[in-house]
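Report on the following structure.
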Ligand SMILES: [Mn+2]
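Numbering (this note's numbering), first residue to last: 99 to 401.
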């Protein structure tokens with residue numbers, strides 16, 4: 099009806115980060131996007147290779163059997179960026195923070211990008227998410243109202259501030275570059291490092307607390323326990339995924355990939371994980387304070 103509809107549609111740009119341990123998740127996320135894209139959508143995936151194997155590259159290439167897409171790989175050296183930016187951030191776990199540095203290593207021509215963790219599956223065309231207006235904001239994200247008030251307070255946020263989850267972001271790269279936001283985020287990281295529990299997420303929230311952010315439309319970052327058919331556009335399997343509801347949906351998309359199954363679907367692995375978790379919980383409870391217990395648990399539980 100309007101000019102808008104006659105214009106060729108803009109390519110949807112998606113940023114994903116994975117190492118070889120998560121490659122089946124990476125392929126599963128991509129498969130879900132391809133399966134649910136509208137016929138007019140064109141898609142380009144920007145994949146940060148944080149330690150992928152040759153076979154993983156092949157598997158991603160094979161996904162083109164589901165639907166066509168473009169793919170670009172990056173291997174940024176995050177230490178290169180951080181060493182110029184601020185003093186001592188050596189305690190800050192750099193590897194999980196690729197999203198914070200995306201404006202540095204992605205092409206200047208990209209004005210925005212959708213970032214998502216690889217523990218998500220997408221159930222609709224990404225078009226609505228992609229077209230969320232963010233001219234004024236550095237990021238669009240979904241509030242996570244279940245975040246502990248004590249933690250929000252510890253990093254300096256008020257109770258009213260809608261702490262958001264950083265697993266799905268629409269990033270305004272243009273604004274990010276103009277306002278030199280990455281540098282500011284690193285300064286924040288340095289300031290709050292004693293109280294950081296969720297590295298990139300806490301830092302992004304503190305910046306957003308002072309500068310604002312855009313809320314994503316409803317349904318674009320939903321925990322599987324809150325899944326509603328036809329209303330949920332993106333499921334985020336965070337935390338202890340073995341006990342997560344609606345794993346059938348996740349496994350269904352995994353089955354479309356050359357991996358067929360996710361590592362967590364192996365019976366042996368589940369038993370092994372259960373034993374490790376029990377030992378870890380028991381020992382840690384007596385030996386360590388809460389913060390260290392959480393860090394240790396993260397070694398065994400996929401985030
Ligand atoms: Mn996640």
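By construction, the Cβ of each residue, glycine as well, lies at the ideal position given by its N, Cα and C atoms. Since the model is a prediction, treat every value here as computed from it, not as a measurement.
**Request:** Assuming residue 215 and residue 265 form a contact by the criterion Cβ under 8 Å, report the distance between their Cβ atoms to the nearest whole angstrom.
**Result:** Contact holds; Cβ gap of about 4 Å.
**Asked** Would you call the segment 112–123 and the segment 356–371 in contact, with 3 or more CB pairs under 8 Å?
**Response** The answer is yes - the segment 356–371 touches the segment 112–123, with three or more Cβ pairs under 8 Å.
**Prompt:** What is the DSSP secondary structure of residue 114, reduced to helix, strand or coil?
**Reply:** Strand at residue 114.
**Prompt:** Under a Cβ-count criterion, where at least 16 other Cβ atoms within 10 Å of its own Cβ denotes burial, should residue 185 be classed as buried or exposed?
**Reply:** Note that residue 185 has pLDDT 45, beneath the 50 cutoff, so the model's placement of it is unreliable and the number below is only indicative. It counts as exposed.
**Prompt:** To which residues does DSSP link residue 202 through a beta bridge?
**Reply:** In the DSSP output, where bridge partners are listed per residue, residue 202 has none listed.
**Prompt:** Roughly how many angstroms separate the alpha carbons of residue 260 and residue 202, rounded to a whole number?
**Reply:** C-alpha separation (whole angstroms): 27 Å.
**Asked** What's the C-alpha gap between residue 176 and residue 148?
**Response** The alpha-carbon of residue 176 is positioned some 10 Å away from that of residue 148.
**Asked** Hey, residue 314 and residue 255: beta-carbon distance below 8 Å or not?
**Response** Not closer than 8 Å, so no.
**Message:** Do residue 139 and residue 222 have their beta-carbon atoms positioned less than 8 Å apart in this structure?
**Reply:** For residue 222 and residue 139, no; Cβs fall outside 8 Å.
**Request:** From the DSSP output, read off the bridge partner residues of residue 262.
**Result:** Bridge partners of residue 262 according to DSSP: 241.
**Asked** For residue 185, which three-state DSSP category applies?
**Response** Annotation note: pLDDT 45 at residue 185 (below 50); position unreliable, no value reported.
**Environment of residue 392 [buried if 16+ CB atoms lie within 10 Å]** = Residue 392 counts as exposed, since fewer than 16 other beta carbons sit within 10 angstroms of its beta carbon.
**Request:** Given a cut-off of 8 Å, decide if residue 307 and residue 235 are closer than it, judged by their beta-carbon atoms.
**Result:** Taking the C-beta atoms as reference points, residue 307 is found no nearer than 8 Å to residue 235.
**Request:** Let me know if residue 116 comes out buried or exposed under the rule of 16 or more other beta-carbons within 10 Å of its beta-carbon.
**Result:** It counts as buried.
**Message:** If you reduce the DSSP assignment to three classes, tell me which class residue 255 lands in.
**Reply:** In the three-state scheme derived from DSSP, where H, G and I count as helix and E and B as strand, residue 255 is classed as coil.
**Prompt:** Below 8 Å, can you find three or more Cβ-Cβ pairs linking the segment 345–359 to the segment 227–247?
**Reply:** No contact exists between the segment 345–359 and the segment 227–247.
**Request:** For residue 367, I'd like the list of residues in its chain whose CB is within less than 8 Å of its CB, leaving aside the five on either flank, ordered along the chain.
**Result:** These residues qualify, in order along the chain: 361.
**Prompt:** What's the gap between the Cα of residue 218 and the Cα of residue 384?
**Reply:** Answer to the nearest angstrom: the Cα atoms are 34 Å apart.
**Request:** Just tell me which of 253, 249, 209, 341 has its CA closest to the CA of residue 233.
**Result:** Closest option to residue 233, Cα to Cα, is 209.
**Request:** Could you tell me the distance, in whole angstroms, from the CA atom of residue 293 to the CA atom of residue 196?
**Result:** Roughly 20 Å separates the two Cα atoms.
**residue 305, enclosing alpha helix (DSSP H) - first and last residue** = 297–309 is the span of the alpha helix (DSSP H), which, as asked, contains residue 305.
**Request:** Between the Cα of residue 336 and those of 328, 319, 330, 326, spot the shortest distance and give me the residue it belongs to.
**Result:** The option with the nearest alpha carbon to residue 336 is 319.
**Message:** Can you determine whether any heavy atom of ligand 1 sits closer than 7 Å to the C-beta of residue 402, and answer yes or no?
**Reply:** This structure leaves residue 402 out entirely; the chain is present only between 99 and 401.
**Asked** Helix, strand or coil: how does DSSP classify residue 319 here?
**Response** Correct three-state label for residue 319: coil.
**Message:** Using only the alpha-carbon positions, how far apart do residue 113 and residue 341 sit?
**Reply:** If I take the Cα positions, the gap works out to 27 Å.
**Request:** Along the alpha helix (DSSP H) that carries residue 275, what are the first and last residues, could you check?
**Result:** Residue 275 -> alpha helix (DSSP H) spans 271–276.
**Prompt:** Where residue 326 and residue 317 are concerned, what is the direct C-alpha to C-alpha distance, given to the nearest angstrom?
**Reply:** Between residue 326 and residue 317, the alpha-carbon positions lie close to 9 Å from each other.
**Prompt:** Going straight from the alpha carbon of residue 190 to that of residue 170, what length do you get?
**Reply:** Because residue 190 sits at a pLDDT of 47, beneath the cut-off of 50, its placement in the model cannot be relied upon, and the following sentence gives the value as read from the coordinates. Each residue's Cα considered, the two are about 28 Å apart.
**Asked** Is it the case that the CB of residue 336 approaches a heavy atom of ligand 1 more closely than 7 Å?
**Response** Taken from the Cβ of residue 336, at least one heavy atom of ligand 1 lies inside 7 Å.
**Request:** Compare the beta carbon distance of residue 167 and residue 204 with 8 Å and say whether it is the shorter of the two.
**Result:** Not closer than 8 Å, so no.
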